[in-house]
Amino acid sequence: MKTFILDLIYIVSAFAFIVGIKMLGKPVSAKRGNLLAAAGMTAAIFGTIFLNESVMPTNYVWIFGALILGSAVGYVMAKKVQMTQMPQMVSFFNGMGGACAALISIVEFDHYIHHPGTGSVAHLVILLLGMIIGAVSFSGSMIAYGKLEEKIKDFRLPAQQVVNILVLLVIFGLIYAFSAGIVVNPLTIYIILGLAAAYGLLFVFPIGGADMPVVISLLNSFTGVATAFGGFLYDNKVMLFGGILVGSAGTLLTVVMCRAMNRSLANVLIGNFGGKAAASSGRAVTGTIKEISAADTAALMKYSKNVVIVPGYGLAVAQAQHVCHELELSLEAEGAQVKYAIHPVAGRMPGHMNVLLAESNVDYDKLLEMDDINPEFKTTDVVLVVGANDVVNPAAKNDPASPIYGMPILDVEDAANVIVMKRSMRAGYAGIENELFFNPKTRMLFGDAKKMMQELVNELKNA
Amino acid sequence: MESLFQFISENQLMIYLVILMIFLGVELIEKVPSVLHTPLMSGANAIHGVIIIGSIIIMGQADNTFATIFGFLAVVLGTLNVVGGFVVTDRMLDMFKKKK
Chain A
1 MKTFILDLIY IVSAFAFIVG IKMLGKPVSA KRGNLLAAAG MTAAIFGTIF
51 LNESVMPTNY VWIFGALILG SAVGYVMAKK VQMTQMPQMV SFFNGMGGAC
101 AALISIVEFD HYIHHPGTGS VAHLVILLLG MIIGAVSFSG SMIAYGKLEE
151 KIKDFRLPAQ QVVNILVLLV IFGLIYAFSA GIVVNPLTIY IILGLAAAYG
201 LLFVFPIGGA DMPVVISLLN SFTGVATAFG GFLYDNKVML FGGILVGSAG
251 TLLTVVMCRA MNRSLANVLI GNFGGKAAAS SGRAVTGTIK EISAADTAAL
301 MKYSKNVVIV PGYGLAVAQA QHVCHELELS LEAEGAQVKY AIHPVAGRMP
351 GHMNVLLAES NVDYDKLLEM DDINPEFKTT DVVLVVGAND VVNPAAKNDP
401 ASPIYGMPIL DVEDAANVIV MKRSMRAGYA GIENELFFNP KTRMLFGDAK
451 KMMQELVNEL KNA
Chain B
464 MESLFQFISE NQLMIYLVIL MIFLGVELIE KVPSVLHTPL MSGANAIHGV
514 IIIGSIIIMG QADNTFATIF GFLAVVLGTL NVVGGFVVTD RMLDMFKKKK
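Protein sequences, first through last, are from chains A and B.
First residue of the first sequence: 1, per this note's numbering; consecutive thereafter.
First residue of the second sequence: 464, per this note's numbering; consecutive thereafter.
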């Protein structure tokens, strides 16, 4: 009877996950979708605790202790994190899931060693695969987290690809040797574990910070696959269900992100972008740049009909989303029409800019995607580029030697005037010069995005 | 080889399920507007936290110190994934509320 009820709960949970993901895909239902999935998860967790035959009530105290500890820490972290740090937070939580998968395999393996004959070879292989993927996901996610926090720099070994492939080969060789009974020492599992964790590091280290969203999405689907292996291990359908669902949805999401950058996944993973190798390629840009003051910018904008704001990572770093909205309101008070042009890879995650601007109450309808806004630049009076660089670099269109060549960009140079707000002339994440800055239509407004926008708002009020 | 065949025949239903789920996952994501990619990724991240069920099972079966320590740790990390994942997604989505 207990098992029957538990099976029923799992079915309901699996249903909640699917409908939840489906609802997450539409702006109006997204919030309810998330809550539905969370409800399904809660039911599955408590169902497992109270109804699974193999869970001993004597261990309840441990289980609830861990649940309470994990919930408290997770809740506080999730509530405290700044919106700008969302990508690394997701990466961190993803890493925790990966580590959880690896730990499960370690304990199951220990059980397997002490009770020989309880599992088949297939069982052992699944256990090892779950552990490896979990460990890669954990160590990779931690590096991605560190990179986005800007605590870890890009790092590349000589012959990186060869080293990576060798490590993978050794891992699979050991799995084969172990399952075929050639190697019998149970400690081998720790060598495999260590190599898998090292592989995660090697895998993420050389990839540029700008590509971290793709990596996080990929590692997310890895953890999904590790979860699915767990489902096989316990013959648990809801784990298999949730795991594969995330694994396949995550992989597609990764591909969609790469497509937005007009690059293949392989190209991102090999990491020839954002690293130092890219900096030297691309032709030299010559010409002079012209500076503009906040007062002049405000005057220019005051008499403009159509203004488009192009937000980038600089906006997120400067926490300028609120003042950006203020600027939008001041401009509208002056009779201008203000829109936002959102490049699919602006920021550090797809949709990152939307989340930020939505935080400061910018109307959802004012955020235009690249394909919708590009034809409008021709009739735009002023484009204000706030902390964006590579997504407006014309080299992507006209310089085949440029590492970003082929990436669709926002055609800001079609507008009558371009104001680029930037902290310095430092190159963007891709490490390449931007011709746009030398365009005769362009004026540079140097300074911190938040401070400069505040000044613009003040100037507009006073003028 | 034999054990592989045996595995496949024993787990036929699960394998069918895997194939179906792969296509379902792709279908579900295909038409999502890019503005929702971040919350969707975060929500999916929370859903793979269902791995916690595995950790609860090992914790529940634990009868030695080794399993207890690692099981406990696994449940804590799994809970972080689940709770953190859903709360972060919820916070992001709070910001998409349409004005008036």
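We put the beta carbon where it would ideally sit given N, CA and C, even for glycine.
Exposed or buried, A:E291, counting other C-beta atoms within 10 Å across all chains shown (16 or more means buried)? Only exposed fits A:E291, as fewer than 16 other CB atoms lie within 10 angstroms of its CB.
Can you have a look at A:S264 and say buried or exposed, based on whether 16 or more other CB atoms are within 10 angstroms of its CB? exposed
Reduced DSSP category for A:T251 - H, G, I as helix; E, B as strand; rest coil: helix
Using 8 Å as the cut-off, can you tell me whether the stretch 24 to 44 of chain A makes contact with the stretch 510 to 518 of chain B, which would need three or more C-beta pairs spanning the two stretches below that distance? Taking 8 Å as the limit for Cβ pairs, the verdict is that the stretch 510 to 518 of chain B does touch the stretch 24 to 44 of chain A.
Could you check whether the stretch 336 to 349 of chain A touches the stretch 244 to 251 of chain A, counting it as contact only if at least three pairs of C-beta atoms, one from each stretch, sit closer than 8 Å? no
Run the CB neighbour count on A:Q88, radius 10 Å, all protein chains shown included, and call it buried at 16 or more, exposed below. So A:Q88 counts as buried.
Determine which residues share a DSSP beta bridge with A:M444 and list them. According to DSSP, which records beta bridges pairwise, A:M444 is partnered with A:E291 and A:V420.
Per DSSP, what kind of secondary structure is A:E459 in: helix, strand or coil? helix
Output needed in chain order: residues of the stretch 464 to 479 of chain B with a Cβ under 8 Å from some Cβ in chain A. S466, L467, Q469, F470, N474 and M477
First through last residue of the alpha helix (DSSP H) which encompasses B:P502: Run containing B:P502: H500 to I510, per the alpha helix (DSSP H) assignment.
Where DSSP assigns a beta bridge to A:K339, which residues make up the other side? A:V308
My output table needs one value for A:L384: the three-state DSSP class, helix, strand or coil. Strand, per DSSP.
For the stretch 133 to 151 of chain A, list every residue whose C-beta sits within 7 Å of some C-beta in chain B, in sequence order. none
One question on the structure: do A:F229 and A:V136 come within less than 8 Å of each other, judged by their Cβ atoms? no
Pull up the distance between the alpha-carbon of A:V345 and that of A:M257, whole angstroms please. In this structure, the CA atom of A:V345 is about 7 Å from the CA atom of A:M257.
Separation of B:E465 from A:A180, as counted between CA atoms: Looking at the two C-alpha atoms, the distance is approximately 12 Å.
Helix, strand or coil: how does DSSP classify A:L67 here? Reduced to three states, the DSSP call for A:L67 is helix.
Which of the three DSSP states, helix, strand or coil, is assigned to B:E465? helix
Enumerate in chain order the residues of its own chain whose CB-to-CB distance from B:I478 is below 6 Å, with the five nearest sequence positions on each side excluded. Excluding sequence neighbours, B:I478 sits near nothing in its chain.
Mind listing the chain B neighbours of A:F241? Cutoff is C-beta to C-beta under 9 Å, in chain order. L480, M484 and V513
From the beta carbon of B:T528, is the nearest beta carbon of chain A less than 8 Å away? no
Between B:T552 and A:A66, how many whole angstroms is the CB-CB distance? I'm expecting something under 8 Å. In fact, because the Cβ distance is near 22 Å, the residues do not count as touching under 8 Å.
I'd like to know whether the C-beta of B:D553 is nearer than 8 Å to at least one C-beta of chain A. Yes, because at least one Cβ of chain A sits closer than 8 Å to the Cβ of B:D553.
Measure from the alpha carbon of A:G47 to the alpha carbon of each residue in B:D557, B:G517, B:N508 and B:M555, then state which is nearest. B:G517
Can you tell me which of the three DSSP states A:L51 falls into? helix
Whose C-alpha, out of A:T227, A:K31 and A:W62, is nearest the C-alpha of B:L556? A:K31
Residue range of the unbroken beta strand (DSSP E) whose run includes A:E369: Its beta strand (DSSP E) spans residues L367 to E369.
Just the C-alpha distance for A:V125 and A:I175, rounded to the nearest angstrom, thanks. Cα atoms of A:V125 and A:I175: separation of roughly 7 Å, rounded to the nearest angstrom.
Taking the alpha carbon of B:A530 as the point to measure from, which residue in A:D411, A:Y303 and A:E108 has its own alpha carbon closest? A:E108
Note down, in chain order, all residues in the stretch 398 to 413 of chain A with a beta-carbon under 7 Å from any beta-carbon belonging to chain B. none
In chain order, which continuous runs of the beta strand (DSSP E) of length 3 or greater are located wholly inside the stretch 102 to 167 of chain A? none
Please report how far the alpha carbon of A:G387 lies from the alpha carbon of A:P400, in whole angstroms. 25 Å
Spell out a yes or no on whether the stretch 197 to 214 of chain A and the stretch 481 to 496 of chain B are touching, meaning 3 or more CB-CB pairs, one atom from each, closer than 8 Å. By the Cβ rule, the stretch 197 to 214 of chain A does not count as touching the stretch 481 to 496 of chain B, because fewer than three pairs are nearer than 8 Å.
Report yes or no: do the stretch 150 to 160 of chain A and the stretch 99 to 118 of chain A share at least 3 C-beta pairs separated by less than 8 Å? no
Interface flag, A:L69 vs chain B, CB-CB below 8 Å: For A:L69, the answer is yes, since a Cβ of chain B falls inside 8 Å of its Cβ.
For A:D411, which three-state DSSP category applies? coil
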